[in-house]
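Only one structure is covered here, and it is reproduced in the block below.
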Amino acid sequence: MSGQSVALREVVFRYEEMVMRFDLEVLDGEIVAVTGPSGSGKSTLLNLIAGFEMPETGRVFIAGQDVTGLPPGKRPVSMVFQENNLFGHLDLAANVGLGRSPSLRLSEDDRIDVARALERVGLGGKDRRKPGELSGGERQRAALARVLVRDRPVLLLDEPFASLGPALRSDMLDLLRDLHDEAGMTVLMVTHNPGDARVFSDRTVFLENGAVIAFAPTGEIFGKDAHPAVRRYLGSGD
Amino acid sequence: MTGRQPGLSRAPAGAGTGLAALAYLAVLAGGAFLGLAVVAAGDLEGALGAVDPYMLRVARFTLWQAALSTLLSVIPALFVARAFFRHPRFPGRRFAIRLFALPLAIPALVAALGVLALYGRAGIAAPALAWLSGDSWSGIFGLSGILLAHVFFNLPLATRLFLEALDAVPDDRWRLASQLSMGARPTFRIVEWPALRAATPGIAALVFMLCATSFTVVLTLGGGPRATTMEVAIYQALRFDFDPARAVALTALQVTLTALIVVAIARLGAPFAQETNITISPRRYLAPGWLETLLNAVTLSAAIAFVAGPIAATVIAGLSADLARLAGDPAVHRAVATSLVLSFLSGLVALALSFALVRSRQRLEAARQGGAPGLVERLSDNGASLILVVPAVVIGAGWFILLHYFVNVFAVAPVMVVAVNAAMALPFAMRALRPAHDAAAARHDRLAASLAVTGFARLRLIDWPALRGPALTAFAFAMALSLGDLGVIALFGSDSVQTLPYLLLARLGSYRTADAAGLALILATMCLTLIFAAERMKGKAG
Chain A
0 MSGQSVALRE
10 VVFRYEEMVM
20 RFDLEVLDGE
30 IVAVTGPSGS
40 GKSTLLNLIA
50 GFEMPETGRV
60 FIAGQDVTGL
70 PPGKRPVSMV
80 FQENNLFGHL
90 DLAANVGLGR
100 SPSLRLSEDD
110 RIDVARALER
120 VGLGGKDRRK
130 PGELSGGERQ
140 RAALARVLVR
150 DRPVLLLDEP
160 FASLGPALRS
170 DMLDLLRDLH
180 DEAGMTVLMV
190 THNPGDARVF
200 SDRTVFLENG
210 AVIAFAPTGE
220 IFGKDAHPAV
230 RRYLGSGD
Chain B
0 MTGRQPGLSR
10 APAGAGTGLA
20 ALAYLAVLAG
30 GAFLGLAVVA
40 AGDLEGALGA
50 VDPYMLRVAR
60 FTLWQAALST
70 LLSVIPALFV
80 ARAFFRHPRF
90 PGRRFAIRLF
100 ALPLAIPALV
110 AALGVLALYG
120 RAGIAAPALA
130 WLSGDSWSGI
140 FGLSGILLAH
150 VFFNLPLATR
160 LFLEALDAVP
170 DDRWRLASQL
180 SMGARPTFRI
190 VEWPALRAAT
200 PGIAALVFML
210 CATSFTVVLT
220 LGGGPRATTM
230 EVAIYQALRF
240 DFDPARAVAL
250 TALQVTLTAL
260 IVVAIARLGA
270 PFAQETNITI
280 SPRRYLAPGW
290 LETLLNAVTL
300 SAAIAFVAGP
310 IAATVIAGLS
320 ADLARLAGDP
330 AVHRAVATSL
340 VLSFLSGLVA
350 LALSFALVRS
360 RQRLEAARQG
370 GAPGLVERLS
380 DNGASLILVV
390 PAVVIGAGWF
400 ILLHYFVNVF
410 AVAPVMVVAV
420 NAAMALPFAM
430 RALRPAHDAA
440 AARHDRLAAS
450 LAVTGFARLR
460 LIDWPALRGP
470 ALTAFAFAMA
480 LSLGDLGVIA
490 LFGSDSVQTL
500 PYLLLARLGS
510 YRTADAAGLA
520 LILATMCLTL
530 IFAAERMKGK
540 AG
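Protein chains in written order, with numbering that gives the first Met the number 0: chain A, 0 to 237; chain B, 0 to 541.
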């Protein structure tokens with residue numbers, strides 16, 4: 000399945016004192032990095048697209064369809080969190096299988112797909128392992144295997160590799176890049192790391208205080224003409 | 000990353016079942032009050048006229064025995080708790096603290112019989128007591144028996160709660176006290192007493208409440224009109240005199256009294272559904288002198304003997320009954336089977352209700368994104384505790400009066416036992432379930448929603464595996480509570496529907512004391528097996 004476009008139109012979201020406003024459009028198959036200081040609304044942006052948060056006003060569109068009223072599971076979206084991507088009491092095959100059937104009624108073909116997906120992310124033969132027996136990197140790979148069998152056109156990543164070391168996260172980005180080349184889904188990834196954004200994303204959206212400050216090709220965002228807010232964030236001074 | 004865990008800010012799916020559970024409680028309480036109101040409206044004069052000097056004497060006795068029981072439980076408990084605390088390591092300490100949890104786990108009826116088996120006219124301790132008093136021992140009926148049984152229940156409870164209060168004192172204070180080389184006296188005055196004093200009003204209020212609404216102990220040990228509490232008077236008004244107007248007047252008085260006590264408890268911030276968490280191997284910097292050690296040893300030995308006595312007497316008296324004959328008695332078979340079925344159902348209902356309430360509270364909290372909790376959320380949180388304001392006998396009495404217009408009340412006994420006992424167990428079941436449920440929800444909710452794992456699939460794949468341990472604990476607690484309960488069945492029981500406690504009471508009433516002792520041992524064994532099972536399962540969450 001190829002990617003689908005994602006659009007937020009005049010979305011207003013309020014949490015206690017904080018008011019956030021989003022208005023942006025991501026093209027189908029595009030890879031977008033979402034960055035900005037802590038509390039700027041990066042995770043909220045993803046949660047609004049995934050359906051974990053409801054906008055106060057405004058609409059969310061995926062592939063031109065208004066999905067604002069749809070519950071998270073009905074949206075054409077997969078999401079990978081920083082942690083808790085797997086159910087601790089289920090083995091890897093079951094955790095990945097949930098991506099195909101939420102009640103775990105899997106056909107023989109489904110099981111083959113699950114095994115293949117685990118193979119694809121480098122976890123072949125670990126079907127019966129419980130998440131607790133795996134390393135942090137392996138757990139995130141298992142989450143990506145589930146993204147594969149779920150096969151949704153939009154993939155949201157909320158700092159999925161933040162707790163991994165540099166070599167591991169570089170491996171994971173390579174894997175993601177390969178998966179994107181194969182499936183062509185639209186990707187939004189929250190990251191604090193400009194390096195990750197540079198090697199991985201086409202465009203970058205920079206948020207501050209719940210508003211989009213800049214949204215441009217990643218090279219420009221972090222380039223010599225960067226927005227003052229971005230420079231403050233990077234600590235490069237002026 | 001924002002610091003907040005994003006919730007599911009859409010219509011919370013669990014709130015519907017929570018409302019259903021609240022509706023259940025409302026119907027249960029409302030039906031009882033409707034029954035009472037119908038009688039009061041039809042016969043207001045009769046109800047008012049029923050308030051006579053006798054009733055006022057009963058009210059006075061209720062408060063008087065509760066006040067005495069509280070004093071006799073709480074003041075010694077201060078010393079016992081402190082003695083336990085000052086000696087964090089001695090052989091048998093762990094065992095003694097577990098022993099102190101036992102009285103709450105045994106059915107009140109069994110405990111009352113244990114007190115009788117020890118201190119009664121023909122009790123195990125009677126020869127020694129006769130020798131001590133230099134006269135023949137006349138037994139402990141009436142006020143003395145009630146007080147003994149109440150102290151047997153509440154001294155250990157208060158001790159555990161005080162111990163918990165001492166445990167909660169920050170470690171640094173003890174370090175400081177020992178660094179300043181404070182002796183026992185200054186340590187008590189500066190460190191221990193403030194913690195104990197802060198805990199005392201709440202604990203005293205809780206004990207008072209338990210004693211003021213005590214039914215079974217007073218029914219078994221109270222002697223006639225001179226030692227009767229409100230609850231027992233309600234029961235007598237319905238079962239023996241069938242005088243609904245009188246029952247209504249008594250109930251109104253009783254509910255007013257308990258409501259006042261509950262308001263006082265809420266003000267004092269006491270724990271409603273008691274469950275203590277005592278550290279077994281504490282780290283402290285205490286060095287009691289030899290005199291203090293001696294005094295503490297005497298205090299602890301006396302307290303342990305006092306608590307162990309009736310338990311041992313229950314076992315001894317039970318074993319000397321003709322257990323083989325009881326085991327072959329068809330009436331016993333029927334009673335055991337009835338008790339198991341009814342308490343099993345009651346446990347299931349309690350589990351379902353508490354799951355619904357716990358889930359709805361957590362869902363509503365997650366959905367509201369900060370701000371103050373709404374009415375349904377607060378009711379889901381505390382509604383179950385409110386049910387304690389209205390004792391089981393009062394609920395039973397209201398329904399008894401309401402139903403007698405329409406059906407044969409003795410035929411609905413099973414339904415009433417299951418329904419009321421389940422509600423009574425709710426605060427305890429919820430306490431067992433809620434921490435694990437809320438922790439699992441924080442981990443799983445978003446993931447399950449994003450994968451569309453909902454409804455029955457979610458219950459089967461996600462909730463049950465994560466909550467199996469705590470759910471079984473809640474179920475076993477609720478079942479044990481129902482198994483030992485005498486409140487509702489005393490009103491609704493008959494020859495055709497007999498639970499084990501009801502049969503026991505009947506045997507006691509026909510002076511078959513040995514049979515009663517044997518049945519008490521059987522009942523206690525069943526309840527304790529469940530409670531121990533519950534404790535074991537608590538360890539194996541997830």
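Even for Gly, the Cβ is constructed at its ideal location relative to N, Cα and C.
Using the Cα positions of residue i and residue j, report the straight-line distance between them to the nearest angstrom.
i               : j               : result
V496 of chain B : D380 of chain B : 35 Å
S169 of chain A : E181 of chain A : 19 Å
K41 of chain A  : I48 of chain A  : 11 Å
D462 of chain B : M17 of chain A  : 33 Å
R115 of chain A : E137 of chain A : 16 Å
H191 of chain A : G35 of chain A  : 7 Å
D177 of chain A : G183 of chain A : 10 Å
A435 of chain B : G327 of chain B : 43 Å
E107 of chain A : G234 of chain A : 54 Å
A355 of chain B : D437 of chain B : 13 Å
A447 of chain B : V26 of chain B  : 34 Å
G144 of chain B : L237 of chain B : 25 Å
V261 of chain B : A197 of chain B : 18 Å
Cβ of residue i less than 8 Å from any chain B Cβ?
i               : result
P75 of chain A  : no
F60 of chain A  : no
G135 of chain A : no
F21 of chain A  : no
M78 of chain A  : yes
Can you pull the chain A residues whose beta carbon is under 8 Å from the beta carbon of residue i, in chain order?
i               : result
A451 of chain B : P70, P71, G72, K73, P101
L363 of chain B : By Cβ distance, chain A contributes nothing, its closest Cβ being about 15 Å from L363 of chain B, past 8 Å.
Helix, strand or coil for residue i, going by three-state DSSP, please let me know.
i               : result
Q64 of chain A  : strand
T185 of chain A : strand
I212 of chain A : strand
V452 of chain B : coil
T215 of chain B : helix
G34 of chain B  : helix
L23 of chain A  : strand
E132 of chain A : helix
T524 of chain B : helix
T43 of chain A  : helix
Y14 of chain A  : strand
F205 of chain A : strand
Give a yes or no on whether 8 Å exceeds the smallest Cβ distance from residue i to chain A.
i               : result
R367 of chain B : no
L460 of chain B : yes
A456 of chain B : yes
Apart from the five residues on each side of it in sequence, which residues of its chain come closer than 6 Å, Cβ to Cβ, to residue i?
i               : result
F207 of chain B : A65, T69
R20 of chain A  : V11, A210
V190 of chain B : R172, A176
Can you name the residues of chain A whose CB is closer than 7 Å to the CB of residue i?
i               : result
R442 of chain B : N83
Can you pull the chain B residues whose beta carbon is under 7 Å from the beta carbon of residue i, in chain order?
i              : result
A92 of chain A : In chain order: nothing, as chain B lies at least about 13 Å away.
Starting from the beta carbon of residue i, find every residue of chain A whose beta carbon is closer than 9 Å, and list them in chain order.
i               : result
R445 of chain B : N46, A49, F51, P71, M78, F80, N83
Which residues of chain B have a Cβ atom closer than 9 Å to the Cβ of residue i, listed in chain order?
i              : result
G98 of chain A : L450
If I measure Cβ to Cβ from residue i and keep anything under 8 Å in the same chain, skipping five residues before and after, which residues do I get?
i               : result
V393 of chain B : A31, E230, I233, T250, Q253, V254
By Cβ distance below 7 Å, which residues in the same chain neighbour residue i in space, the five residues on each side in sequence not counted?
i               : result
L71 of chain B  : L146, V150
S525 of chain B : The sequence given here places Met at residue 525 of chain B; Ser does not occur at that position. Closer than 7 Å at the Cβ level, and outside the excluded window around M525 of chain B, lie L482.
E274 of chain B : Legend: pLDDT at E274 of chain B = 48, less than 50; position of this residue unreliable, value from coordinates given subsequently. The residues are R430.
I310 of chain B : L101, G113
L117 of chain B : I123, A124, G308, P309, A312
E52 of chain A  : F12, T43, N46
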